[in-house]
Amino acid sequence: MKITLIAGSNRPDASTTQLSQYIAHLLQEHGHEAEVFNLYEHQLPLYGPGEAYGHEEVQKLAQAAKSADALVLATPEYHGSISGVLKNALDFLGSDYFNNKAVLSANSAGGLIGTASLLHLQTIVRNVHGINCPEWISIGGSQREFNENGEPTDEGTELRIRKAVESFIDLASKLSSSSA
Numbered sequence: 001m002k003i004t005l006i007a008g009s010n011r012p013d014a015s016t017t018q019l020s021q022y023i024a025h026l027l028q029e030h031g032h033e034a035e036v037f038n039l040y041e042h043q044l045p046l047y048g049p050g051e052a053y054g055h056e057e058v059q060k061l062a063q064a065a066k067s068a069d070a071l072v073l074a075t076p077e078y079h080g081s082i083s084g085v086l087k088n089a090l091d092f093l094g095s096d097y098f099n100n101k102a103v104l105s106a107n108s109a110g111g112l113i114g115t116a117s118l119l120h121l122q123t124i125v126r127n128v129h130g131i132n133c134p135e136w137i138s139i140g141g142s143q144r145e146f147n148e149n150g151e152p153t154d155e156g157t158e159l160r161i162r163k164a165v166e167s168f169i170d171l172a173s174k175l176s177s178s179s180a
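Okay, here's the thing in structure tokens:
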């Protein structure tokens with residue numbers, strides 16, 4: 001399967017991006033193709049009618065999402081919601097990009113956990129006809145630390161992420177095989 005991960009932070013070396021890269025690593029360990037679309041590196045214009053859809057970075061995002069069999073959406077939690085750059089990116093995408101695809105929601109929060117942004121992501125996914133994974137990933141506080149190999153330093157966090165990714169792979173595989 002091909003899985004696109006959209007890392008929704010606008011900071012270099014953000015814990016959200018590190019989490020996305022670690023999830024991609026786990027997906028690759030399971031034999032899947034994983035592409036991290038980092039919104040810090042791929043800066044999009046503000047969503048609006050007109051020529052923005054022809055913008056090179058919007059086209060890259062659209063291709064990455066459209067060609068994926070499943071998606072991972074990762075965001076920092078800002079003021080109890082998702083980041084503006086991720087919301088802006090998702091506004092360029094619609095049901096053509098998510099319809100009947102498994103979607104895993106993940107976040108990195110300043111506190112211990114951040115469920116509000118995950119709930120917001122799941123609402124957006126439902127509205128674009130994606131299939132929410134019943135598991136989600138939230139890391140916060142010291143759980144946001146990664147070692148030089150890109151792995152979480154906290155063993156419990158690493159195990160929790162692995163379990164969520166395995167659940168996501170299971171759902172994505174079932175949906176992918178049922179549409180084949």
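Mapping to UniProt numbering: the sequence shown position 162 is 162, numbers consecutive. We put the CB at the ideal spot given by N, CA and C, even for glycine. Quantities reported herein were computed from a predicted structural model and do not represent experimental measurements.
Rounded separation between residue i and residue j - CA only
i	j	result
aspartate 96	threonine 115	27 Å
histidine 129	arginine 11	29 Å
alanine 24	isoleucine 139	16 Å
alanine 65	isoleucine 169	17 Å
isoleucine 131	asparagine 99	8 Å
Supposed contact pair residue j and residue i - C-beta distance, whole angstroms, cut 8 Å
i	j	result
cysteine 133	serine 177	Cysteine 133 to serine 177, Cβ: 16 Å. No contact.
glutamate 57	leucine 71	Not really, about 17 Å apart at Cβ, beyond 8 Å.
glycine 8	leucine 104	Their Cβ separation, rounded to whole angstroms, is 13 Å, which puts glycine 8 and leucine 104 out of contact at 8 Å.
Counted within 10 angstroms of its Cβ, other Cβ atoms place residue i as buried (16 or more) or exposed
i	result
arginine 144	buried
tyrosine 22	buried
lysine 101	buried
leucine 159	exposed
threonine 123	exposed
Own chain residues within Cβ distance below 7 Å of residue i, not counting five before or after
i	result
asparagine 88	Leu44, Leu46 and Tyr47
threonine 4	Glu35, Phe37, Ala64, Ala65, Ala68 and Leu71
Beta-carbon proximity list for residue i, same chain, < 6 Å, skipping 5 on both sides
i	result
tyrosine 78	none
glycine 141	Leu112
serine 117	Thr75, Glu77, Ser81, Ile82 and Asn107
isoleucine 137	Ala106, Ile161 and Ala164
serine 20	Leu5, Ala7, Val36 and Ala74
Nearest neighbour of residue i, chosen from the options [CA to CA]
i	options	result
glutamate 29	Lys60, Ile137, Leu118 and Arg162	Arg162
glycine 94	Tyr53, Gly110, Gly80 and His42	Tyr53
glycine 84	Gln63, Leu39 and Ala68	Leu39
glutamate 148	Gln18, Gln63, Met1 and Leu5	Gln18
asparagine 127	Asp91, Thr157 and Leu26	Asp91
proline 152	Ser15, Glu41, Leu27 and Met1	Ser15
alanine 172	His32, Glu155, Asp13 and Lys60	His32
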